[in-house]
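Enquirer: Here it is, the structure, as structure tokens.
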């Protein structure tokens with residue numbers, strides 16, 4: 001999977017989010033993402049991460065082996 005695909009899925013699922021995705025190992029299945037979204041404002045860190053995971057759906061069990069997340073509210 002390509003970083004731009006991961007980024008697009010998150011941006012579609014979290015409208016208005018600022019998303020940066022990298023593939024630090026270059027393997028296409030281990031990603032690092034920074035997500036800044038106003039919708040995170042009243043969410044705990046766990047809830048923020050769950051919201052991002054939800055945008056990726058089945059890709060988390062099929063194509064994405066690992067995802068390092070940094071999330072914050074705008």
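In UniProt numbering, the protein residues as written are 1 to 74. A virtual CB, placed ideally from N, CA and C, is assigned to each residue, including glycine.
Return the first residue and the last residue of the beta strand (DSSP E) that residue 65 is part of.
Expert: Position 65 of the chain shown, counting from 1, holds the residue named residue 65. That residue, residue 65, is in no beta strand (DSSP E); it is neither H nor E in DSSP.
Enquirer: Let's test the definition: count the other Cβ atoms within 10 Å of the Cβ of residue 45 and tell me whether it reaches 16, buried, or not, exposed.
Expert: Numbered from its first residue, the chain shown carries residue 45 at position 45. When all chains shown are included, residue 45 counts as exposed.
Enquirer: In this structure, does DSSP put residue 72 in helix, strand or coil?
Expert: Locating residue 72 in the chain shown gives position 72, counting from the first residue. It is a strand residue.
Enquirer: Please confirm whether residue 33 and residue 4 have their CB atoms less than 9 Å apart.
Expert: As a working note, residue 33 is residue 33 in the chain shown. As a working note, residue 4 is residue 4 in the chain shown. Cβ atoms of residue 33 and residue 4: not closer than 9 Å.
Enquirer: Jot down the residue ranges of each uninterrupted beta strand (DSSP E) in the segment 6-60, minimum 3 residues, whole runs only, in chain order.
Expert: Runs of the beta strand (DSSP E) inside the segment 6-60: 18-22, 30-36.
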